[in-house]
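Residue numbers (the working numbering): 118 to 349.
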């Protein structure tokens, strides 16, 4: 099965287990790939919309895996009951939506061995939530797709602990763990963030004080990122 780098990383990072839930399964590629790789024995694939779920069913039939995947229509982790799965994958959703999904099903979250999260937007917001909350960050990862876009991944599990507050606000944008691990894509990732900030600056209307304040904030952020590059 040929997968994108993003989906391949999800399969790679999923711990071997008996059963896993794929929330927002879309075409059902991840459940099929996990089963074909013998990383899991059973998958519950869910989606809030019926059409993606129907596509996932067709994908599973193409690989003769439909008997090993249970398809459920519903929102987030609410389609699950305690003890049904060892872990859950929540990929391709916004960081804030991911937080909402976790908060709505906290009793279930506490029972899971792992959560594999891949936010599509608002990654700093999710990182702040995870670090400050009762989550043990097992691993963070980074992937760059062929189109140049970067994707961030979090492998976590619920664990009651003291909140971890990062020293600098920019640490929520650029993971301290990725820096500590000297991730091979880190330099390109930071450079892409600098380009994003410059793009935002170009669109600001400098005739407004609020825009001038924002411009100064972005300039300071760029300076911090450029200094970060010097330490790589």
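Here a beta-carbon is modelled for each residue, glycine too, at the ideal position from N, C-alpha and C.
- As the crow flies, the alpha-carbon of residue 257 is around 19 Å from that of residue 308.
- In this structure residue 312 is exposed. Its beta-carbon is surrounded by fewer than 16 other beta-carbon atoms within 10 angstroms.
- The beta carbons of residue 292 and residue 244 sit about 7 Å from each other, so the pair counts as a contact at 8 Å.
- Straight across, the Cα-Cα distance linking residue 190 with residue 348 is about 48 Å.
- Straight through space, the alpha carbons of residue 328 and residue 246 are spaced by roughly 28 Å.
- Residue range 293-297 is occupied by the alpha helix (DSSP H) that includes residue 296.
- By the neighbour-count definition (other C-beta atoms within 10 Å, threshold 16), residue 265 is an exposed residue.
- Note on geometry: alpha-carbon atoms of residue 163 and residue 173 lie some 9 Å from one another.
- Within the model, the alpha-carbon separation for residue 325 versus residue 302 is close to 37 Å.
- Leaving aside the five residues that flank residue 339 on each side, the residues in its chain whose CB is nearer than 8 Å to its CB run, in chain order, 311, 314 and 315.
- The alpha carbon of residue 235 has as its nearest neighbour, out of 217, 271, 252 and 133, the alpha carbon of 271.
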